[in-house]
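FYI, in numbering that gives the first Met the number 0 the residues of the sequence shown are 0 to 147.
The structure appears below as structure tokens.
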Amino acid sequence: MYNHEPADYHCPFCHLTPDREPDVVYRDERVFALVCPRWWPRNAGHLLVIPVAHHENLYDLPAADGHAVFDATRVLARAMRTAYGCAGVSTRQHNEPAGDQTVWHFHQHLFPRYPGDDLYGTPPQPDWLPADRRRAYAERLRAALTPR
């Protein structure tokens, strides 16, 4: 419908091997979620919730995959509250260049929120965080997702 993906696009999400990626915290047949390598200073450990099938944006997303993304987001939000002790969560999703979409595969951000964190007034950190820092957050989330 409203697509901007170049013909030679190398999708970073389609070429991930989610089962072997240490930042992946959740996976089912339709969706996977991973700790985002790009962080906001006061919202460490935010997640990307991604459909397994490649759909460029919200306009192209089939209803079944959309429901799966939001079902996973709800499960992950609850785990995030437990694992991080945050006071709330926020979701964000971008479409097209004017909507700040930079990766041409639908995904939703799930941020831990804290009083006064100024998420929407703060730019992300310029560099990706090292894998060991991300892995620590992934382990906390996986532990919160594990039934006791």
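We put the CB at the ideal spot given by N, CA and C, even for glycine.
Note that the structure is a prediction, hence the values are computed from the model and not measured.
> Are the Cβ atoms of alanine 143 and threonine 81 separated by less than 7 Å?
Replying inline: Counted from its first residue, the sequence shown places residue 143 at position 144. Counted from its first residue, the sequence shown places residue 81 at position 82. Contact: yes.
>> Judging by CA-CA distance, which residue of Pro11, Ala97 and Phe110 is the nearest neighbour of glycine 87?
In response: Against the sequence shown, residue 87 aligns to sequence position 88. The option with the nearest alpha carbon to glycine 87 is Phe110.
> What are the start and end residues of each continuous beta strand (DSSP E) run of 3 or more residues lying completely inside the region 77-107, in chain order?
Replying inline: 87-91
>> Given this structure, state the Cα-to-Cα distance separating aspartate 126 from proline 114, to the nearest angstrom.
In response: For the purposes of this step, residue 126 is taken as the residue at position 127 of the sequence shown. For the purposes of this step, residue 114 is taken as the residue at position 115 of the sequence shown. Each residue's alpha carbon lies about 25 Å from the other.
> Should the region 36-54 be regarded as contacting the region 117-136, the criterion being three or more beta carbon pairs within less than 8 Å?
Replying inline: yes
> Nearest to alanine 71 by CA position, among Asp59, Ala62, Pro50 and Leu57, is which residue?
Replying inline: Mapped onto the sequence shown, residue 71 falls at position 72. Nearest option by C-alpha distance: Pro50.
> What are the start and end residues of the beta strand (DSSP E) that includes alanine 32?
Replying inline: The residue given as residue 32 occupies position 33 in the sequence shown. From DSSP, the beta strand (DSSP E) with alanine 32 extends over 30-34.
> Helix or strand or just coil, what does DSSP make of phenylalanine 110?
Replying inline: What you label residue 110 is simply residue 111 of the sequence shown in a count that begins at 1. Looking at phenylalanine 110 - three-state DSSP - the assignment turns out to be strand.
> Tell me which same chain residues have a C-beta within less than 7 Å of the C-beta of glutamate 4, skipping the five on either side of it?
Replying inline: Taking the first residue of the sequence shown as 1, we reach residue 4 at position 5. For glutamate 4, where only same-chain residues beyond five positions count, the Cβ hits under 7 Å are Glu55 and Trp103.
>> Just to check my reading of the structure: leucine 15 and alanine 32 have Cβ atoms closer than 8 Å, yes? What is that Cβ distance to the nearest angstrom?
In response: Taking the first residue of the sequence shown as 1, we reach residue 15 at position 16. Taking the first residue of the sequence shown as 1, we reach residue 32 at position 33. With a Cβ gap of about 12 Å, leucine 15 and alanine 32 do not count as contacting.
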